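In UniProt numbering, the protein residues as written are 1 to 227.
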């Protein structure tokens with residue numbers, strides 16, 4: 001027997017030769033939990049992956065593209081899940097209650113998307129030293145490791161109020177909180193940023209701006225969810 005890594009419900013695994021062939025694709029989630037996810041399918045904004053009636057650029061992305069400071073900084077965001085109530089619960093347990101083992105289960109949801117993205121370096125959105133101390137780990141860095149990749153630390157972060165406590169307007173008005181480390185040559189490199197949620201895009205655009213200024217040829221992001 002195997003247990004769901006989130007709800008701990010026991011799952012019956014196939015036996016014999018079938019188990020050998022299915023081992024690599026083994027699910028870490030029970031059927032009940034899988035049914036609660038809302039996977040993003042169908043038409044989406046080609047830039048931020050927001051669900052749309054037609055595959056055209058959303059109003060938020062049009063505003064980013066019209067901004068002379070941030071236009072062209074983030075080439076694309078790819079999200080796997082819609083940010084529903086179940087997703088919110090799982091990510092809260094992962095991030096704020098230190099359920100580190102969930103990184104493996106969440107990474108399992110992202111693997112197929114990761115294979116579709118071309119990149120030279122993969123980097124996490126950093127936490128401030130204070131926030132990392134509170135949580136005990138960086139959830140984005142843990143995801144990269146669980147995906148079987150080596151994270152390259154390109155940015156540091158100043159300590160600010162939690163994004164989750166800010167209104168949409170406050171998030172959009174947040175000043176630059178990142179600094180490029182300068183410890184890695186990224187000129188001409190394709191960089192993939194990993195983060196948990198794409199909400200307004202502020203965090204990712206701020207990070208992408210510094211990476212483009214440092215010479216990155218392309219900057220994309222892979223996020224668990226799109227709110």
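Every residue gets a Cβ at the ideal spot worked out from N, C-alpha and C, and that includes glycine. Being a predicted model, the structure only gives us computed values, none of them experimental.
Those residues which DSSP pairs with residue i across a bridge
i, result
"residue 102", "DSSP output for residue 102 lists no bridge partner at all."
"residue 3", "10"
"residue 39", "81"
"residue 174", "For residue 174, which the question treats as bridged, DSSP gives no partner whatsoever."
DSSP three-state assignment for residue i, whether helix, strand or coil
i, result
"residue 190", "strand"
"residue 205", "helix"
"residue 213", "helix"
"residue 145", "helix"
Whether residue i touches residue j by CB criterion (8 angstroms)
i, j, result
"residue 181", "residue 204", "no"
"residue 101", "residue 194", "no"
"residue 187", "residue 74", "no"
"residue 77", "residue 223", "yes"
"residue 104", "residue 178", "no"
"residue 197", "residue 143", "no"
"residue 40", "residue 81", "yes"
"residue 48", "residue 61", "yes"
"residue 44", "residue 51", "yes"
"residue 135", "residue 96", "yes"
Residue i - containing beta strand (DSSP E), residue span
i, result
"residue 35", "Careful: residue 35 lies outside any beta strand (DSSP E), inside the alpha helix (DSSP H) at 31 to 36."
"residue 221", "218 to 226"
"residue 199", "Note, residue 199: premise wrong, no beta strand (DSSP E); not H, not E."
"residue 156", "155 to 157"
"residue 180", "178 to 180"
Could you tell me which whole alpha helix (DSSP H) segments of length 4 or greater appear in the segment 67 to 142? 85 to 96, 102 to 114 and 129 to 135
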